[in-house]
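*Asks:* Below you will find the structure I want to go over with you.
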Amino acid sequence: MKNRNVAPSIRHHLTWVVIMFAVTAGCVFFIVRAHLQQKTLPLKNVTIAIPTLPFTALAQIAQQQGFYLQEGLLVTPQVYPYGKPALQAVMDGSADFAVVAETPFTFAVLNGKKISIVATILTSSEAHAIVARKDRGIIKYDDLKGRSIGATLGTSGHFFMDAFLIAHGISIADVKVVDLKPEEMVDALANGTVDAISTWQPFLFYAQQKMGDRGVSFKDEDIHRLTFNIIATHDFIRHNPEQVAKVIRALVKAEEFAIRDPVAAQKIVADFCHLDREVLRQFWPAYSFQVTLDQSLLLALEDESQWAMANGLVKKRQMPNYLNFIYYDGMQSVKPERLMILR
């Protein structure tokens with residue numbers, strides 16, 4: 001009796017094994033096929049103009065870690081020393097996206113350019129400072145009167161300088177502003193071409209290091225909140241909304257990576273910017289790397305427009321409606337909780 005009962009049991013068991021094998025094989029087949037189909041989808045070519053500055057960290061990480069590729073984008077980075085020429089690359093049509101501070105973006109809009117911010121990827125209230133020559137008698141704020149100050153015109157360093165001077169009771173007319181490229185700042189200060197410079201990292205660090213006891217730094221975290229943003233032209237955004245969303249999604253992955261492994265993130269940025277890792281580590285905590293569109297961005301754009309118009313830096317005299325120069329749909333589709341601009 002026992003033998004007669006065993007055979008049906010074995011047959012029943014084998015039947016279920018065969019069924020489960022078939023189901024598993026079928027699942028594997030469909031997964032592999034879907035994976036292969038995804039792999040064979042053509043990559044979209046995209047060019048991003050990226051300044052070699054720590055502020056653009058998320059764009060650098062997304063490139064190095066392959067997050068753009070994961071989103072189906074073959075990104076060609078165009079490297080620039082700072083944001084203003086990167087922005088120009090987009091306006092000239094040689095790049096699809098650029099990573100740039102809000103100040104050059106503001107000047108471009110005031111000059112009639114049809115561009116939009118699609119995401120902010122960095123904010124910092126400690127990005128700027130003025131470094132001056134103590135050996136020329138500059139000890140306190142008031143000593144900047146009558147002095148020459150190097151700044152890169154049309155940039156956040158320019159805005160910070162003006163805002164700092166005004167906040168401390170010094171008229172812009174009381175100083176001589178010398179237009180310098182960021183990479184010219186340190187030598188111009190050290191050789192005495194200018195009495196002070198207004199700039200950002202890493203040039204602040206190098207200037208402080210080179211001047212040593214002969215230098216003095218002036219900071220004010222309440223003066224200016226720097227943002228670095230991903231921008232593109234209205235025309236590109238209108239014709240490529242999927243690519244905009246994919247770039248934002250890749251940047252969100254880069255943000256998560258930077259939080260998960262800050263040491264690895266700093267190594268990527270140090271290598272890209274040709275910085276000493278220890279130098280970068282010192283000012284890394286001052287930066288907030290988050291993909292967002294925040295109401296404070298809108299306020300900053302309006303404040304800086306008012307400054308540019310009041311000081312005759314642009315011909316335009318009417319405040320633009322910056323709601324028309326921010327693209328919302330990409331953030332809405334990728335990270336809706338980060339879209340915090342009232343419309």
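Residue numbering for the sequence shown follows the UniProt record's numbering, beginning at 1 and increasing consecutively.
Don't be surprised by glycine CBs; every beta carbon is placed ideally from N, CA and C.
(1) Taking the straight line between their C-alpha atoms, what separation do you get for residue 258 and residue 60?
(2) Between the alpha carbons of residue 358 and residue 74, how many angstroms are there, rounded?
(3) Return the Cβ separation of residue 218 and residue 341 in integer angstroms, given the expectation that the two are a contact with Cβ distance under 8 Å.
(4) Using beta-carbon positions only, say whether residue 164 and residue 220 come within less than 7 Å of one another.
(5) Am I right that residue 227 and residue 102 are in contact with their C-beta atoms under 8 Å? What's the rounded C-beta distance?
(6) In whole angstroms, give me the CA-to-CA distance for residue 207 and residue 186.
(7) Measuring only the C-alpha atoms, how far is residue 91 from residue 162?
(8) Which of the three DSSP states, helix, strand or coil, is assigned to residue 249?
(9) Out of 280, 120 and 233, which has the shortest C-alpha to C-alpha gap to residue 294?
(10) By alpha-carbon positions, which one of 145, 153, 133 and 200 ends up nearest to residue 125?
(11) Any idea which residues DSSP pairs residue 78 with across the strands?
(12) Starting from residue 300, trace the alpha helix (DSSP H) both ways and give me its first and last residue.
(13) Quick check: what's the CA-CA separation for residue 108 versus residue 322?
(14) Is there contact between the region 43-56 and the region 272-279, where contact requires at least three CB pairs shorter than 8 Å?
(15) Identify whether residue 193 lies in helix, strand or coil by the three-state DSSP scheme.
(16) Can you list, in chain order, the residues of its chain with a C-beta nearer than 8 Å to that of residue 154? Leave out the 5 residues immediately preceding and following it.
(17) Using a 10 Å radius around the Cβ and a threshold of 16 neighbouring Cβ atoms, would you call residue 158 buried or exposed?
(18) Among 69, 94 and 291, whose alpha-carbon lies nearest the alpha-carbon of residue 79?
(19) Can you give me the C-alpha to C-alpha distance between residue 193 and residue 246, rounded to a whole angstrom?
(20) Between the Cα of residue 211 and those of 301, 135 and 286, spot the shortest distance and give me the residue it belongs to.
(21) Whose C-alpha, out of 336, 56, 202 and 152, is nearest the C-alpha of residue 178?
(22) Quick one: residues in its chain with C-beta nearer than 6 Å to the C-beta of residue 57, no 5 flanking neighbours on either side, listed in chain order?
(23) Let's see if you can read the secondary structure: which residues bound the alpha helix (DSSP H) around residue 280?
(24) Where does the unbroken beta strand (DSSP E) through residue 107 begin, and where does it stop?
(25) If you draw a straight line from the C-alpha of residue 255 to the C-alpha of residue 67, how long is it?
(26) Among residues of its own chain, excluding the 5 on either side of residue 316, which ones have a beta-carbon nearer than 7 Å to its beta-carbon?
(27) Would you mind giving the Cβ-Cβ distance between residue 118 and residue 231, rounded to the nearest angstrom? I have them listed as a contact below 8 Å.
(28) Suppose the cutoff is 8 Å on Cβ atoms and the five residues either side in sequence are ignored; what does the same chain contact list for residue 266 look like?
(29) Among 202, 335 and 209, which has the Cα closest to the Cα of residue 190?
(30) Looking at the structure shown, is residue 172 part of a helix, part of a strand, or coil, going by DSSP?
(31) Taking the beta carbon of residue 331 as the centre, do at least 16 other beta carbons fall within 10 Å, making it buried, or is it exposed?
(32) Would the beta-carbon of residue 132 fall within 7 Å of that of residue 196?
*Replies:* The relevant details are as follows:
(1) Taking the straight line joining both Cα atoms gives about 11 Å.
(2) The chain is shown from 1 up to 343; residue 358 falls before or after that span and cannot be answered.
(3) Actually they are not in contact, since the Cβ atoms of residue 218 and residue 341 sit about 32 Å apart, beyond 8 Å.
(4) Against a cut-off of 7 Å, the Cβ pair of residue 220 and residue 164 comes out as a contact.
(5) 5 Å
(6) 5 Å
(7) 27 Å
(8) helix
(9) 120
(10) 200
(11) 49
(12) Residues 295-310.
(13) 12 Å
(14) yes
(15) coil
(16) 84, 103, 104, 107 and 313, listed in sequence order.
(17) Counting Cβ neighbours within 10 Å, residue 158 comes out buried, since at least 16 surround it.
(18) For residue 79, the nearest C-alpha among the options comes from 94.
(19) 46 Å
(20) 135
(21) 152
(22) 269 and 289
(23) 277-283
(24) Not the beta strand (DSSP E): residue 107 falls in the alpha helix (DSSP H), residues 102-110.
(25) 11 Å
(26) 110 and 309
(27) 7 Å
(28) Closer than 8 Å at the Cβ level, and outside the excluded window around residue 266, lie 277, 280, 281 and 284.
(29) 209
(30) helix
(31) buried
(32) yes
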